[in-house]
Amino acid sequence: MTDNITSVGGGSRPDTGVSALKGRTGAGAPAETRGKTTIADGVVAKIAGMATREVPGIHSLGAGMARAFGAMRERVPGGGGGGGVTRGVKVEVGERQAAVDLDVVVEYGVSIVDVAGAVRTNVISAVERMTGLEVVEVNIAVDDVHLPDEEEEAEPDEGRVR
Numbered sequence: 015m016t017d018n019i020t021s022v023g024g025g026s027r028p029d030t031g032v033s034a035l036k037g038r039t040g041a042g043a044p045a046e047t048r049g050k051t052t053i054a055d056g057v058v059a060k061i062a063g064m065a066t067r068e069v070p071g072i073h074s075l076g077a078g079m080a081r082a083f084g085a086m087r088e089r090v091p092g093g094g095g096g097g098g099v100t101r102g103v104k105v106e107v108g109e110r111q112a113a114v115d116l117d118v119v120v121e122y123g124v125s126i127v128d129v130a131g132a133v134r135t136n137v138i139s140a141v142e143r144m145t146g147l148e149v150v151e152v153n154i155a156v157d158d159v160h161l162p163d164e165e166e167e168a169e170p171d172e173g174r175v176r
């Protein structure tokens, strides 16, 4: 068996600012220590987007232009309607940490402070539980308030031709 050492940090001296994780490799090593797992930014963005949408008081994600382009993209055949999950979500993913930036639209009448706190709690919990990454920050930009009398641009239920 050989020692497998992974170090994190920087500096010109190997012992400065470095945290080493030592694990064993070879036939006698536990299965969870054999190999490397990488998590793409898009995976973390989807988890954060879904966790944000679960919070009551969130109407939608994305700044005005992102929502407008997303609505147009969803109407185009083959335009990739799945992009809506990550609309308004930006992430930075390192080896062990992640940072999340969210653009949200809240419902009128809710406490923005309470909703932002609930979003942070839900996003951090979901990302850390599902990925094992430490979430160092969740930044939230409230771009708009959805008023009760504002209608979403929905497609008509009936076709034009009968």
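Residue numbers (our numbering): 15 to 176.
Heads up, the beta-carbon is just placed ideally off N, CA and C, and yes, glycines get one too.
Predicted model only: the values in this text are computed from it and were never measured.
When secondary structure is reduced to three states using DSSP, LYS104 falls in the strand class. Annotation for ASP128: GLY71 place their beta carbon closer than 8 Å to its own, counting only its chain and skipping 5 residues before and after. Around the beta carbon of VAL150, a 10 Å sphere encloses fewer than 16 other beta carbons of the protein chains shown; the residue is thus reported as exposed. Less than 9 Å separates the beta-carbon of GLY102 from that of GLY63. The DSSP assignment places 126 to 145 as complete runs of the alpha helix (DSSP H) inside the region 115 to 152, in order along the chain (cut-off: 4 residues). In summary, GLY76 is buried, with 16 or more beta-carbon neighbours lying within 10 Å of its beta-carbon over all protein chains present.
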